[in-house]
Amino acid sequence: MEFAYKTKHNLKFHKHFLNTRKVIPYSVLGAPKNTFEVATGTSSKFSKTELSTERLQTTSLCDGDSTSLMCLDDRQKRRKIDISDIENIIVMETSLAHDETSSSLDCGSLCDDGSCIETENATCPMIEQPLNSSATKVDYEIAGMVGDIIELLEKGKALYESFEGEGYCEVIFMSSVEDFASELNDKSHFLLSSTEKAISIQAEKVNVTPSITAGTESCVISNDPAERKGIQLNDQQKHFLISKGSYQPLFKDYPCNKAISKSKQNPFSSKWYETLPYLEYSPSLDRAFCFACSLFGNNPRSSCTETSWSHDGVNRWDKMKSRGKNKKGKLFEHFNSSSHRLAAERLRSFKLESTHVDVVISSARKKQLAQEEQERLQNRKVINVLLDCCRYLSRQALAFRGSDNDINGNFRQIVNLVSRWIPFMKNWIVTPHSRPYHVTYLSAKSQNEFISILGSETRKILTEQVRSSGVYAVMADTTPDIGHVDQISLILRFVNEQFQIEERLLMISEINDKTGDGFAQKVIKMLEELQLPLTSVRFQCYDTTASMSGAYNGAQAKLSEHLGRTIPYITCMGHKTNLCVEHSCKVSLMIDEFFFTLQDMYNFLTRSTSRFGKLKKNIESLQEGLIMKNLSKTRWIGRAESIRAVWISYEIVIDTLDDINNFEGGDRDARRTSVNLLDRIKSFEFYLSLLFMKNIMYKTKIVVLEVQEIDQDILASLDVMRHTRDAMLRIREDNVGLDGIISAAADKCKSVGIDVDYEFLKKHRRRKLPIRFHENTENASAPAPLFNQHYRQEMVKVVDRLVSDMEEVNEHLTNIVLPVTILLPNNIAKCTMQQVEKLCATFPDDLNNPDALLADIEMMGNDIEKSDAKNLREAAKCLLGYKRFYPTLAKAYQLALTIPVSVASNERSFSTLRLVKNYLRSTMKENRLDDLMIISSAKDILDNLDLDNLAGSWFICKTRKIKI
């Protein structure tokens, strides 16, 4: 029964759809349960429940062959639908959709950012992929872009109003106008280019072939009737031509028809346009057409004469006007014919269909799509801003939040700050209810997703740089974090295309097994996770601990064992130099006691605010006074600044300790300690050690500062160490200089009231010899050591041990890198075939052709030698622009520059670790810590990331509730 009712209804009211073979669009935008109640007027009220439960999918219209004629009487009988009824349906449907969305939220719990937690009864629909900005924009996308510009113009209006406000500031106003104009210019140019591209593509579709089908043809078509010949027009094209109107070009002179006598009406006359609105003229064919018949004239009532007005055209200008009652002209005959009247009626009916339900709904759908496109653009800008806020906090190693729901956290507060100045961000925050599932993407989970996107993209760029270099060196070290978890940092050293040395942190991870084998396996696992080729590992560099540097069970030996080939191990020159200084200082008891006194003095004066206040007040009175610094337990080279501070403020420190001792209301223990420190500081040996070690520390500090530079090559570092060793040898052999230090220390001690001779005799008194060594037992005694000789020996012991250790380090590293020395600017032009073969044997996987390398050296050696190059880095840059001509020599320089010098970059990463994972963020997970460390360490790459591409990556990584 229901089917029969629908069939009768369709035949009665929708016969024009059946004749044109189109699907009746009664299911668009949610019809009532009985879809014919609105059309027939039998039921004007129906329940929202029925409307929402019986919603059907929108059916697409099928373009059919419009050859059948719709009867005029049937069209007049068809009842027209009121536009207000359609609008009521749309409004009701929209409200029901909102109610349905609101009710769906009750199916599952929401996170703090509105993200729906899926349950068994609540699922989230898949959102389609983001539109590519380079793709051709459709009409609703372009409309959304126009809406975005309109919102921007509202911002410009507010800017104009601020010009007349009370708080006007010219600098702020001009800066704001510049930003507004720049943004408007970018959006306008993008809109213009998108529109031009869309129009050009549509025009190409029209001009491809005259036999284009209606389903694939564009709505843009030429207005000239001659160019429409043979084209089967679809509804969109007809709407376009009707909106343009009849093609009636106006010319001063029209061409003459040579077949007509000059005494008759020879050319076309534009006066005919005034009484015949459907009359068209084609300049290309010099023929007249009928606009109505060309669009709707293909009907059985059309005769051959009328057909010429729609297809071929008419050009008998002498027969156009009537002559008397009996001789009618062609214009009168056609425009009063039944076929023309039928075509004109069909044209008017077609125009009226624009107010029909399907067209109204189609317009509403277009408006809805334009609104969605505008919202999509706004959503994308919001995600870009959120990513930028996350980038700023990560870059500066700042905390994001105190807890998962901390509204006072840095991330939320930065977003709030931005929203006070950017309107679309303010709208995003205050109107979460207008979006599906009330999402805001401000929760802890969303913040971690943003961090992961930034970290992954930064790491991706870093790994690509390492792969493009071809070879790299592994540098690794461990340290405990604030959570008492051992962290291993993996840094790779490589050379880029411009022969610039780079050391990049690629990963930081927890390590449980700190043995040599466990450390090596962890390094290999990290390289595999980064998908870096293990065959490209050329060198390894660690500190000097036994678990790292052991020749049999150390990490350097195990890594070579696991990779199946020898990986040269370069000990960290920074750590090695530091150990040389430490071991040399412990040789002398006087120097060792000196450092203990320095540390005790620092601890005593800084543990009390009152004592430190007195010291600071006294130092401020001295123009060049320096505050004392703590002595590093591991970085002995860092003690040079502490020694210098005490050397400059020596008398101030003594006065401060005297004040503490003489203060009656002071603590008894403090007074006792100050007396003890005064006795130790006011001694000749303390001040002598102060002068001597200040000189030694600053000379050795130069080596450490040099090897800590990232762009330092191994040969230049060894050269600096040799110069430092030679300086130590000169000090050791210069007895006059050592005596000068002793004399300067004695003079200073006497100026502060220290009896140098008494102190020396007290510690080095005359000793009586046993009777067996002297005949006169009563007067037998050993001679006292000479003053200068004794202290000179103490200083020489320190220098000898320092020179010995530095010579050992220099010899060890020189044996490893000796073949590379032929690449130095001073040696390259003098190298022999034997030296080249040794260099190739050192790197058999990369330099397997000694003849090619020697040929490259012979071609470029003289140029490098004559250049101003002083080291490997500068020599390698002489090959810029010639790498393809001398590939073997370029590869040799790349390998030489890849040799690591120290693990100072690892130490820098540990400093960053203390900022990222501090005592307020001690529970941070491993993955989040790894991403934040990568972001904070590669700031130059982070700053150049494209936020729009990051937003696209964020969108496709999982199902999202919004479109961007």
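Going by my numbering, the letters in the sequence shown line up with residues -11 to 952, in that order.
Note that CB positions come from ideal geometry on N, CA and C, so glycine has one too.
Out of Glu608, Ser677, Leu930, Ser609, point me to the one whose CA is closest to Ile631's CA.
Ser677
With respect to the alpha helix (DSSP H) encompassing Met561, which residues constitute its N-terminal and C-terminal limits?
561 to 573
Secondary structure of Ser407, DSSP reduced to three states:
helix
From Glu721 to Phe584, what distance separates their C-alpha atoms?
28 Å
Sequence-distant residues of the same chain with beta carbon closer than 7 Å to Ser705, five excluded per side:
Met561, Glu694, Val695, Val889
What residue from Asp657, Gly538, Leu868, Met681 has the CA that sits closest to Tyr557's CA?
Gly538
Kindly confirm or deny that the stretch 836 to 852 and the stretch 861 to 878 touch, where touching means at least three C-beta pairs closer than 8 Å.
yes
Can you list, in chain order, the residues of its chain whose CB lies under 7 Å from that of Ser90, leaving out five sequence neighbours each side?
Here the model assigns Ser90 a pLDDT of 38, short of 50, so the residue's position is not dependable, and the following value carries that caveat. Once the five neighbours on either side are set aside, Ser90 has no close Cβ partner at all.
Going by the DSSP bridge assignment, what does Tyr460 pair with across the sheet?
Val525
Pull the bridge partners of Gln475 from the DSSP assignment, please.
Thr467, Glu498
Glu437 and Leu933 - do their beta-carbons sit closer together than 8 Å?
no
Express the C-alpha separation of Ile690 and Cys568 in angstroms, rounding to a whole number.
14 Å
Within 10 angstroms of the Cβ of Met847, are there 16 or more other Cβ atoms? Answer buried if so, exposed if not.
exposed
In this structure, how does DSSP classify Val26 when only helix, strand and coil are distinguished?
Only weak support exists for where Val26 lies, its pLDDT of 38 falling under 50; the value from the coordinates is given anyway. Three-state result, Val26: helix.
8 Å contact criterion, which Gly564 and Val797 should meet: CB distance rounded
Checking the displayed sequence, the identity of residue 564 turns out to be Lys instead of Gly. That belief holds up - the Cβ atoms of Lys564 and Val797 are roughly 5 Å apart, short of 8 Å.
What residue range is occupied by the uninterrupted beta strand (DSSP E) comprising Ala276?
275 to 278
Alpha carbon to alpha carbon, what distance is there between Ile729 and Val786?
15 Å
On a CA-only basis, which of Ile642, Asn415, Gln519 is nearest Glu139? Give me that one, please.
Asn415
Taking the beta strand (DSSP E) that Ser251 falls in, what are its first and last residues?
Run containing Ser251: none; DSSP gives neither H nor E here.
Expected contact under 8 Å - CB spacing of Phe412 and Gln366 to nearest Å:
5 Å
Less than 8 Å separating the beta-carbons of Arg389 and Gly397?
yes
Range of the contiguous alpha helix (DSSP H) that encloses Ser792
775 to 805
Looking at Leu790 and Ser572, is the spacing between their C-beta atoms short of 8 Å?
yes
Sorted by chain position, which residues of the same chain lie with C-beta nearer than 8 Å to Glu498's C-beta, five sequence neighbours on each side aside?
Val473, Asp474, Gln475, Ile476, Glu914
Identity of the residue in Glu673, Ser310, Ala857, Asp465 nearest Ala892 by Cα
Asp465
Note down, one range per segment and in chain order, each alpha helix (DSSP H) of at least 4 residues found wholly within the stretch 674 to 741.
702 to 721, 723 to 739
Cβ-based neighbour list, Asp241, same chain, cut-off 8 Å, excluding 5 preceding and 5 following:
Pro255
Who are Ser244's beta bridge partners in DSSP?
Checking the sequence, you will find Cys at residue 244 rather than Ser. Beta-bridge pairing links Cys244 to Pro255.
Taking Cβ to Cβ, would you say Gly952 is nearer than 8 Å to Ile371?
Note that residue 952 is Ile in the sequence shown, not Gly. Yes, Cβ-Cβ distance for Ile952 and Ile371 is below 8 Å.
Beta-carbon contacts of Cys866 that lie in its chain and below 8 Å, excluding the five residues immediately before and after
Met848, Asp851, Ile852, Ser855, Ala857
What separation, rounded to the nearest whole angstrom, lies between the Cα atoms of Thr204 and Ile187?
Interpretation of Thr204 is limited by its pLDDT of 41, a score under 50 that renders its predicted location unreliable; no figure is taken from the coordinates.
Within its chain, find whatever has a CB closer than 8 Å to the CB of His383; leave out the 5 residues flanking it on each side and keep chain order.
One point to set straight first is that residue 383 is Arg, not His, in the sequence displayed. Cβ neighbours of Arg383 beyond the five flanking positions: Ile923, Ser924, Lys927, Leu930, Asp931.
How far does the alpha helix (DSSP H) with Glu516 in it reach, from first residue to last?
504 to 517
Determine the burial state of His328: buried for a count of at least 16 other Cβ atoms within 10 Å of its Cβ, exposed for fewer.
buried
With DSSP as the reference, label Lys145 as helix, strand or coil.
helix
Is any heavy atom in the ligand ADP found nearer than 7 Å to the beta carbon of Asn(-2)?
Summarising the ligand content, the structure contains no ligands, and the ligand ADP is consequently not present.
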